[in-house]
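Asker: Heads up: the sequence lines are chains A and B, in that order. In terms of full-length UniProt numbering, the first sequence has 146 at position 146, counting the first letter as 1, and numbering is strictly consecutive. In terms of full-length UniProt numbering, the second sequence has 69 at position 69, counting the first letter as 1, and numbering is strictly consecutive. Where is the CB? At the ideal position from N, CA and C, for every residue including glycine. The structure that follows is given in the form of structure tokens.
Number of protein chains: 2
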Amino acid sequence: MGASVQAEVLEQTLSLPDNLGTAVLYRAAASDELKPAVIVVHEWWGLNDYAKSRARMLAEAGYTALALNMYDEGEVSDHPENAKLFMQKALANPKQMNARVDTAMLVLRQQRGVNNNAIYAIGYCFGGAVVLQQARRGVNLAGVASFHGSLGTETPAQKGVIKAKVLVANGAADPFVPAEQVTGLVQEMAAAEVDLQLMNFANVTHGFSNPGATAKGQKYNMPLAYDAAADKASWQALLDMLGREQAN
Amino acid sequence: MGASVQAEVLEQTLSLPDNLGTAVLYRAAASDELKPAVIVVHEWWGLNDYAKSRARMLAEAGYTALALNMYDEGEVSDHPENAKLFMQKALANPKQMNARVDTAMLVLRQQRGVNNNAIYAIGYCFGGAVVLQQARRGVNLAGVASFHGSLGTETPAQKGVIKAKVLVANGAADPFVPAEQVTGLVQEMAAAEVDLQLMNFANVTHGFSNPGATAKGQKYNMPLAYDAAADKASWQALLDMLGREQAN
């Protein structure tokens, strides 16, 4: 467990119990004012600097954030073939993913200044699908946000089970998220009586929130590209969501 | 033409040329900083105090706003039977509605401090359907926002024709907007390559943004109700949309 302070944000690496791996906690200056807290789940690349940067941004906005590692050995790679293997391994063990999220919630509730009724989870790409799935299984999250994540599921949200509000930011030109998944999500969440906010950005493709996406897409000939407007608008929508909870 | 000043917002009733009726202009203290301007289209009740209050709120936020009257004789009523007649009459003359919107854009472009490339149109109920339809016909609006408006159309948006970004705030329990209209809108806007932001609020019904909706619904046994959370969240999304344009 190491700690360092940068730009008034405390960064602290935590070992989770029960061999659940690690997570990195980010928090602003301690305060007793109760505020939301946010679990951040990384892209299929693993818990790299990008996912950490998002958690840090949340801390800079005044929220406690936990960048949670969903990969067993803390694997990280820049190569899509490795990333695919890591992701498949994680997805093959949903009980462990669930345990990680449950533990992350416990960790956040132990932090001073966290509003226990306002734990959120956000994710990118693989992580977006993970947080949506956590919402569907009825985890007591106030809200989830998926950025360029897969939207389909074999276990749709059920009315009365799902508790989280849902924010989905999607590139309408993302070939990993077919149009039917988008309309399917609208139907699913309406039927489950869940507040859905959908941002569907025209001519925007996978990875739009990650400034490194364009270079990576070119390197590996993949349909990835950063889009500053979509990034900015979807981040603002997330901050609005957290701000509303804070005002309650 | 009369003018009055209240809370630092100037209110001015304008007679439009060509017998197009009236509109009420709201603006904050004059400034040469270029900012977006917004056309506001009323509910089926007509251009009442509610529609005007929204235009005033936009002026208080620093934007020039024009509350546009879509009814020939400036009809206003509290009774749904009258409102239905007014609305049907307006809808039967789409050319005149188009002319009103075109003229409203000209009026806004004549105002000091208006960014000519950032004219928006928003509407409530009937007005929401009107502004969506204006976007579909390719009016050079930067964006439109519909609050509890009907979403269906016989003339869907066409790629390359529609220019406006679209924000739709909808009550998922609004019986006037069937679920198929919501998924249809998502498909329509994706196919037309338009940025869509959809807020679909669970257990929220028609008229949710209007604080007077609940009483009116009870009076006339209609499925109308105010919802403070949906009102607040959707208004913030509109302000975000305008704020993004301003930053460009």
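(1) Have a look at residue 250 (chain B) and M97 (chain B) and give me their C-alpha separation to the nearest angstrom.
(2) In the DSSP assignment, what residue or residues form a beta bridge with L68 (chain A)?
(3) Can you tell me which residues form a DSSP beta bridge with L196 (chain B)?
(4) What alpha helix (DSSP H) runs, 4 residues minimum, are completely inside the stretch 133-163 of chain B?
(5) Alpha carbon to alpha carbon, how far is I122 (chain B) from V144 (chain B)?
(6) Report yes if the CB atom of I39 (chain A) is closer than 9 Å to the CB atom of A104 (chain A), and no otherwise.
(7) Against chain A, with Cβ distances strictly below 9 Å, would R244 (chain B) count as a contact?
(8) Is the distance from the Cβ of A149 (chain B) to the Cβ of V166 (chain B) below 9 Å?
(9) Any idea if H79 (chain B) is buried or exposed, counting beta-carbon neighbours within 10 angstroms, 16 or more meaning buried?
(10) Helix, strand or coil, according to DSSP, for G113 (chain A) in the structure here?
(11) Nearest to Y50 (chain A) by alpha carbon, out of A:L85, A:E8, A:Y226?
(12) Taking the alpha carbon of R27 (chain B) as the point to measure from, which residue in B:N117, B:G62, B:A90 has its own alpha carbon closest?
(13) Reducing DSSP to helix, strand and coil, say where P36 (chain B) ends up.
(14) Would you check if the distance between the CB atom of G171 (chain B) and the CB atom of A230 (chain B) is smaller than 9 Å?
(15) Quick check: what's the CA-CA separation for E193 (chain A) versus A29 (chain B)?
(16) Quick check on T183 (chain B) - is its C-beta less than 9 Å from some C-beta in chain A?
(17) Count the other CB atoms within 10 Å of the CB of Y220 (chain A); is the residue buried (16 or more) or exposed (fewer)?
(18) Could you check how far apart the C-beta atoms of L108 (chain A) and L66 (chain A) are, in whole angstroms? I think they sit under 8 Å.
(19) Is the beta carbon of V41 (chain B) sitting closer than 9 Å to the one on Y124 (chain B)?
(20) Closest to P36 (chain A) by C-alpha separation, out of A:M87, A:T22, A:A55, would be which residue?
(21) Have a look at G217 (chain A) and L85 (chain A) and give me their C-alpha separation to the nearest angstrom.
(22) Do you know offhand how far D195 (chain B)'s Cα is from H206 (chain B)'s?
(23) Ordered along the chain, which non-local residues of its own chain (more than five positions away) have a Cβ less than 8 Å from that of M241 (chain B)?
(24) On the DSSP bridge assignment, give the partners of G123 (chain B) in chain order.
(25) Are the Cβ atoms of A233 (chain A) and R244 (chain B) separated by less than 9 Å?
(26) Would you mind reading off the limits of the alpha helix (DSSP H) that contains Y50 (chain A)?
(27) Once the 5 residues before and after A59 (chain B) are set aside, which same chain residues still bring their CB inside 6 Å of it?
(28) Just mark V204 (chain A) as buried or exposed, buried being the case when its beta carbon has 16 or more other beta carbons within 10 Å.
(29) Say whether chain B places a C-beta atom closer than 9 Å to the C-beta of L141 (chain A).
(30) Does the CB of L151 (chain B) have a neighbour CB from chain A at under 9 Å?
(31) Could you give the distance in angstroms between the alpha-carbon of N19 (chain B) and the alpha-carbon of W45 (chain B)?
(32) Which residues does DSSP list as the beta-bridge partners of G171 (chain A)?
(33) Would you list the one or two residues that DSSP bridges to H206 (chain A)?
(34) Would you say A202 (chain B) lies against chain A (beta-carbon separation less than 9 Å)?
(35) Might you give, ordered along the chain, the residues of its own chain that have their beta carbon closer than 7 Å to the beta carbon of G138 (chain B), omitting 5 neighbours on each side?
(36) Closer than 9 Å by beta-carbon distance: list the chain A residues that pair up with A179 (chain B), in chain order.
Answerer: So, to answer that:
(1) An answer regarding residue 250 (chain B) cannot be provided, because it is not within the stretch 1 to 248 covered by chain B.
(2) To locate residue 68 (chain A), count along the first sequence from 1; it is residue 68. DSSP output for L68 (chain A) lists A:A23, A:V41 as bridge partner(s).
(3) Your numbering for residue 196 (chain B) matches position 196 in the second sequence. L196 (chain B) is bridged to A:N200, B:V166.
(4) none
(5) For this step, residue 122 (chain B) is matched to residue 122 along the second sequence. For this step, residue 144 (chain B) is matched to residue 144 along the second sequence. Taken atom to atom, the span from the alpha-carbon of I122 (chain B) to that of V144 (chain B) is near 5 Å.
(6) For the purposes of this step, residue 39 (chain A) is taken as residue 39 along the first sequence, with counting starting at 1. For the purposes of this step, residue 104 (chain A) is taken as residue 104 along the first sequence, with counting starting at 1. Between I39 (chain A) and A104 (chain A), the gap from beta carbon to beta carbon is short of 9 Å.
(7) As a first step, residue 244 (chain B) is located in the second sequence; it is residue number 244 there, counting from the start. So, interface residue.
(8) Position 149 of the second sequence, counted from the first residue, corresponds to residue 149 (chain B). Position 166 of the second sequence, counted from the first residue, corresponds to residue 166 (chain B). Reading off the sequence shown, one finds Gly at residue 149 (chain B), where the question assumed Ala. Cβ atoms of G149 (chain B) and V166 (chain B): not closer than 9 Å.
(9) The residue given as residue 79 (chain B) occupies position 79 in the second sequence. Exposed.
(10) To locate residue 113 (chain A), count along the first sequence from 1; it is residue 113. Note: G113 (chain A) maps to coil in three-state DSSP.
(11) Along the first sequence, one-based indexing puts residue 50 (chain A) at 50. Of the candidates A:L85, A:E8, A:Y226, the one whose C-alpha sits nearest the C-alpha of Y50 (chain A) is A:Y226.
(12) The count along the second sequence starts at 1 and reaches residue 27 (chain B) at position 27. Out of B:N117, B:G62, B:A90, B:G62 has the C-alpha closest to the C-alpha of R27 (chain B).
(13) Working through the second sequence from its first residue, we reach residue 36 (chain B) at position 36. Per DSSP, reduced to three states, the secondary structure at P36 (chain B) is strand.
(14) In the second sequence, residue 171 (chain B) corresponds to position 171, counting from 1. In the second sequence, residue 230 (chain B) corresponds to position 230, counting from 1. A contact, by the Cβ cut-off of 9 Å.
(15) Position 193 of the first sequence, counted from the first residue, corresponds to residue 193 (chain A). Position 29 of the second sequence, counted from the first residue, corresponds to residue 29 (chain B). Distance between the alpha carbons of E193 (chain A) and A29 (chain B): 43 Å.
(16) Here the question's residue 183 (chain B) lines up with position 183 in the second sequence. Yes, contact with chain A.
(17) Taking the first residue of the first sequence as position 1, residue 220 (chain A) is located at position 220. With fewer than 16 other Cβ atoms within 10 Å, it is exposed.
(18) As a first step, residue 108 (chain A) must be located in the first sequence, where it is residue number 108. As a first step, residue 66 (chain A) must be located in the first sequence, where it is residue number 66. The pair is a contact, with the Cβ atoms about 6 Å apart (cut-off 8 Å).
(19) Translated into positions along the second sequence, residue 41 (chain B) becomes position 41. Translated into positions along the second sequence, residue 124 (chain B) becomes position 124. Taking 9 Å as the Cβ cut-off, V41 (chain B) and Y124 (chain B) qualify as a contacting pair.
(20) On the first sequence, residue 36 (chain A) is found 36 positions in, with the first residue counted as 1. Looking at the Cα atoms, A:A55 is the closest of the given residues.
(21) To locate residue 217 (chain A), count along the first sequence from 1; it is residue 217. To locate residue 85 (chain A), count along the first sequence from 1; it is residue 85. So the alpha carbons of these two residues sit roughly 18 Å apart.
(22) Within the second sequence, the letter at position 195 stands for residue 195 (chain B). Within the second sequence, the letter at position 206 stands for residue 206 (chain B). Spanning the two alpha carbons is a distance of roughly 24 Å.
(23) For the purposes of this step, residue 241 (chain B) is identified with residue 241 of the second sequence, where counting begins at 1. Excluding residues within five positions, the ones whose Cβ falls inside 8 Å are Y120, G143, A145, K165, L167, Q197.
(24) As a position in the second sequence, residue 123 (chain B) is number 123, starting the count at 1. In the DSSP secondary-structure assignment, G123 (chain B) is bridged to B:V41, B:S146.
(25) Stepping through the first sequence from its first residue, residue 233 (chain A) is reached at position 233. Stepping through the second sequence from its first residue, residue 244 (chain B) is reached at position 244. Yes; because the gap between Cβ atoms is below 9 Å, this pair is in contact.
(26) Within the first sequence, numbered from 1, the residue matching residue 50 (chain A) stands at position 50. Looking at the DSSP string, the run of the alpha helix (DSSP H) that includes Y50 (chain A) is 49-60.
(27) Here residue 59 (chain B) corresponds to residue number 59 of the second sequence, with the count starting at 1. Correct list, in chain order: V9, Y26, R27, A28, A65.
(28) One-based indexing of the first sequence puts residue 204 (chain A) at position 204. Buried, by the Cβ-count rule.
(29) In the first sequence, residue 141 (chain A) corresponds to position 141, counting from 1. No, L141 (chain A) lies away from the interface with chain B (no Cβ there is under 9 Å from its Cβ).
(30) As a first step, residue 151 (chain B) is located in the second sequence; it is residue number 151 there, counting from the start. For L151 (chain B), the answer is no, since every Cβ of chain A falls outside 9 Å of its Cβ.
(31) Looking up residue 19 (chain B) in the second sequence gives position 19. Looking up residue 45 (chain B) in the second sequence gives position 45. If you take the alpha carbons of N19 (chain B) and W45 (chain B), they lie about 21 Å apart.
(32) Here residue 171 (chain A) refers to the residue found at position 171 when the first sequence is read from its first residue. Paired residues: A:F201.
(33) Within the first sequence, the letter at position 206 stands for residue 206 (chain A). In the DSSP output, where bridge partners are listed per residue, H206 (chain A) has A:L224.
(34) Locating residue 202 (chain B) in the second sequence gives position 202, counting from the first residue. Chain A, which has a Cβ nearer than 9 Å to the Cβ of A202 (chain B), makes this yes.
(35) Against the second sequence, residue 138 (chain B) aligns to sequence position 138. V161, I162, K163, listed in sequence order.
(36) Numbered from 1 along the second sequence, position 179 holds the residue referred to as residue 179 (chain B). Ordered by position in chain A, the residues that pass the 9 Å Cβ test against A179 (chain B) are V186, Q187, A190, A191.
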